[in-house]
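Just so you know, we're using our numbering here: the sequence shown kicks off at 781 and counts up by one.
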Amino acid sequence: MTARIIDGNALSARVRGEIAERAAALSARGVQPCLAVILVGENPASAVYVRNKVAACEKAGIRSLRLDYPADVAPAVVMTKLAELNADPAVHGILVQLPLPPQFDEAAVLEAISVSKDVDGFHAENVGRLSQNQEAFLPCTPHGVMKMFEAEGVPLAGAEAVVIGRSNIVGKPMAMLLTNAGATVTVCHSKTRDLLFHTRRADILVAAIGKPRFVTGDMIKPGATVIDVGINRLQSGPDAGKLCGDVDFDSAREVAGLITPVPGGVGPMTITMLLENTVISAGRAASAAGK
Ligand code: GUN
């Protein structure tokens, strides 16, 4: 079997078209959606992500406010800026790019973002609401994966889902979203004793480990849906310098039923969901202001 490829670029383009229409309608009501993006330091991957997020905003008619700080900035400076952005009615979404340098208490920074502007869905209150299956801003990467399942008609209720990776950004919220959708979910990680046992019985396998080409075809149940959240740059070998995911695409596609590529899979969906959350937040602000 050769898997069908889920085209994240095509799905993103479709959803971003709808988001741009909503942004234009809000602007016409006098409320242009606005996202503030904070980048601390010079992590090259973070710089690329932030550049892509800002560019995607502009294209969708969303105003972006980019704030760059040196790696050695005092946390109080960023906290003061967050308080200012929380109070600014023209700002609808606030994102602090992670990871932060070691002088920061990451959890404290995320808590300092207003829950109603937390378009990354990382604030403890939004995480708690997600865990209780209440309406919340959802973390963008797992939310984008759920959109892919919906667009492809992947059945979730009753499915065996295995998530490899237990990060706060992807693994844990992915597991919660799948649980809320009725899947039977197993979260695997570096301490998991028999990874193969779990992955081989997964109808849905989500790889979010950060290890290039870690998931190979022999680990996959025939016909499974395989979602690759990884973005790794190969350091050596014949493909040195190339981007690849956490899944060994060539061997996996011979076994899977549906698979996401890297690049062009989950990556564009992450940014799309960020834009959607920003427009949702702006829509709430417009309604609250009677516009
Ligand atoms: N670092 C890696 N992924 C993300 C993300 O989705 N949002 C933020 N803020 N930082 C990240």
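Using N, Cα and C, we set each Cβ at its ideal position, and we do this for glycine too.
Helix, strand or coil at residue i [DSSP, three-state]
i, result
"T1005", "strand"
"I1000", "coil"
"T1040", "coil"
"R993", "coil"
"L985", "strand"
"T964", "strand"
"I1060", "helix"
"N789", "helix"
"V934", "coil"
"V1014", "The sequence shown places Leu at residue 1014, not Val. Correct three-state label for L1014: coil."
"L880", "coil"
"L918", "coil"
"R796", "helix"
"R809", "coil"
Classification of residue i by the beta-carbon crowding that lies within 10 angstroms, buried from 16 upward
i, result
"T860", "exposed"
"R1013", "exposed"
"E1056", "buried"
"G1025", "buried"
"S792", "buried"
"A816", "buried"
"M956", "buried"
"G1017", "exposed"
"R993", "buried"
"G797", "exposed"
"T1050", "buried"
"L976", "exposed"
"P813", "buried"
"A892", "buried"
"R1033", "buried"
"G1021", "exposed"
"A1069", "exposed"
Residue i - containing alpha helix (DSSP H), residue span
i, result
"I944", "Run containing I944: none in the alpha helix (DSSP H); it sits in the beta strand (DSSP E), 940–944."
"T860", "855–867"
"L975", "975–979"
"N906", "904–911"
"F1029", "1029–1032"
"A887", "886–891"
Extent of the continuous beta strand (DSSP E) to which residue i belongs
i, result
"G873", "873–876"
Residue i vs residue j beta-carbon contact at 9 Å
i, j, result
"V1042", "F1029", "yes"
"V967", "K1001", "no"
"T972", "E940", "no"
"R784", "I984", "no"
"S947", "A887", "no"
"T1005", "V934", "yes"
"L910", "P953", "yes"
"V871", "K897", "yes"
"S826", "Q877", "yes"
"R809", "K1071", "yes"
"I949", "V986", "no"
"G841", "A803", "yes"
"V811", "A1066", "yes"
"L920", "V899", "It is Cys, not Leu, that sits at residue 920 in the sequence shown. Yes, these two residues count as a Cβ contact at 9 Å."
"M1053", "L918", "yes"
"V1027", "L806", "no"
"G1047", "G788", "yes"
"D852", "P881", "yes"
"M928", "I1007", "yes"
Residue i: CB within 8 Å of a non-hydrogen atom of ligand 3
i, result
"C920", "Among the ligands present in this structure, namely ligand 1, ligand 3 is not found."
Min CB distance residue i to chain E below 9 Å
i, result
"S826", "Of the protein chains in the structure, only one exists, and it is not chain E."
Beta strand (DSSP E) segments (min. 3 residues) lying fully within the stretch 814–844: 814–820
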